[in-house]
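Engineer: Sharing a structure, written as structure tokens. Questions coming.
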Amino acid sequence: MRGEEPSDSEMENLRSDSANQKPCLTVKTGFVWDVPDTLENPELDSESEDEEQSKKRMKQLKKSDRIAMAQEEEQRLHQLELSRLEESQTPQSALEFEAFLQKSPNSSAVWIQFISFHLEVSRI
């Protein structure tokens with residue numbers, strides 16, 4: 005029944021509910037809308053500064069130094085790739101076998117190699 009006014013009992017329920025409610029928080033100042041978009045603390049924006057500094061260092065290095073650094077990085081990556089390729093070969097120590105087993109614990113071939121390795125080591 006829309007349009008009807010609430011009955012006296014309903015009004016009393018509303019009043020008792022509002023009397024039981026806790027008081028609202030009162031704030032002296034409102035919301036501040038004019039906050040700057042940029043950070044005021046320059047330490048928080050250190051990542052971009054680090055990138056800028058590394059770019060500046062690269063520009064300051066001589067061309068021969070940059071080439072040498074690139075070759076060193078390439079050599080390091082080459083060694084890393086070779087070591088990963090060698091991992092596919094049979095492990096040579098107990099630690100290598102354990103790491104190999106962690107990569108494929110359900111492989112019966114790996115377990116057979118692991119057992120045979122330990123049998124060979126125990127004979128020596």
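If you read the sequence shown in this note's numbering, its first letter stands for residue 5, the second for the next number, and so on. Beta carbons: idealized from backbone N, C-alpha and C, even for Gly.
#1: Thinking C-beta only, is Phe-104 closer than 8 angstroms to Phe-121?
#2: Could you give the DSSP three-state label for Ser-108: helix, strand or coil?
#3: Using three-state DSSP, classify Ser-11 as helix, strand or coil.
#4: Once DSSP output is grouped into helix, strand and coil, what is the label at Trp-115?
Structural biologist: Result, derived from the coordinates:
#1: Going by C-beta atoms, Phe-121 is not nearer than 8 angstroms to Phe-104.
#2: coil
#3: Three-state result, Ser-11: coil.
#4: helix
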